[in-house]
Structures are given as C-alpha cells and as structure tokens.
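Numbering (our numbering), first residue to last: 1398 to 1545. Even glycine gets a Cβ: it sits at the ideal position worked out from N, Cα and C.
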Ligand SMILES: [Mg+2]
C-alpha cells in the first residue's frame, strides 16, 4: 500500500518540537512490510524538512509534497492523494479525511498529537490494524511467503 502521512499534529506536535511517541517504530515496521510511505504537508518545504531532520524522520518516506507543491497560496486545498497514486491518508484534519473518503480512498483520522495532552497509546495499534485490513488477505499471504 502507498500510505500518505500528514506532518503537523500527526507525525509531530504542531511546533515540530517532538515526534508522536512510538511513531518511528511503526514507520519502520510499515517500511519493513513493504509499504511505501510518503509525506504530504501544508507546511512549507523549509519548515517541514527541518522538522523531519530534527527527529530523523525523513528516511522513512519516499515522496514529499509540501505546501509549495499543491497549495502555494495556502488556501487550504485538499490533499488529493490520487495525484501520487496513494491508497491511504493519515491526517488529523477531519476535512481532509472527509475528502479522501469522498473519492473512494481510505482515510484514517488520527487524534492531534500535543505533548502536554493525552496520547492514546492504542491509536498507532489501531492505525496498524487499519493498514492491515486495507491491504487485504492476499497481500499478507504473499508477504509471508516471501519472508519464510
Ligand atoms: Mg495536521
């Protein structure tokens, strides 16, 4: 699957100060399972790359869409993941997720991560399950066969 991630409040807090607890372990897991991960953010390239580098998150992603690439005037444009052949969008913005569902793609609405707030430890597990369910059984059988 090609899974697209939002940055602010999804991978990190809104200031880019801290990554969501446990996210690196899962990003590595999904990479290892053969998923392709991309980043799509309404942040500027300059800001986003700084945050990704600060927390060593860049290595997990193969494609990067920044504000300049899809919404240069910052009008709140939707993330049309069909443009990069995406399957799933993970985002904390309900409007983005509603759009994704309206075009028949899969959206996972994640609770905004705030370092001073409550982190739901089960949430990344839920996302992992969502990805597995979306991948379908055939993909998993194939994966197991390659591994064994
Ligand atoms: Mg966000």
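Among residues of its own chain, excluding the 5 on either side of residue 1510, which ones have a beta-carbon nearer than 6 angstroms to its beta-carbon?
1406, 1410, 1417
Do the stretch 1450 to 1457 and the stretch 1475 to 1483 touch if we need at least three Cβ pairs shorter than 8 angstroms?
no
Residue environment, residue 1494, which counts as buried when at least 16 other CB atoms sit within 10 Å
buried
Can you tell me where the beta strand (DSSP E) with residue 1488 in it begins and where it stops?
1485 to 1488
Note down, in chain order, each residue of its chain lying with its Cβ closer than 6 angstroms to the Cβ of residue 1512, except the 5 sequence neighbours on either side.
1410, 1415
Just to check my reading of the structure: residue 1503 and residue 1484 have Cβ atoms closer than 8 angstroms, yes? What is that Cβ distance to the nearest angstrom?
6 angstroms
Classify residue 1487: buried if its beta carbon has 16 or more other beta carbons within 10 angstroms, exposed otherwise.
buried
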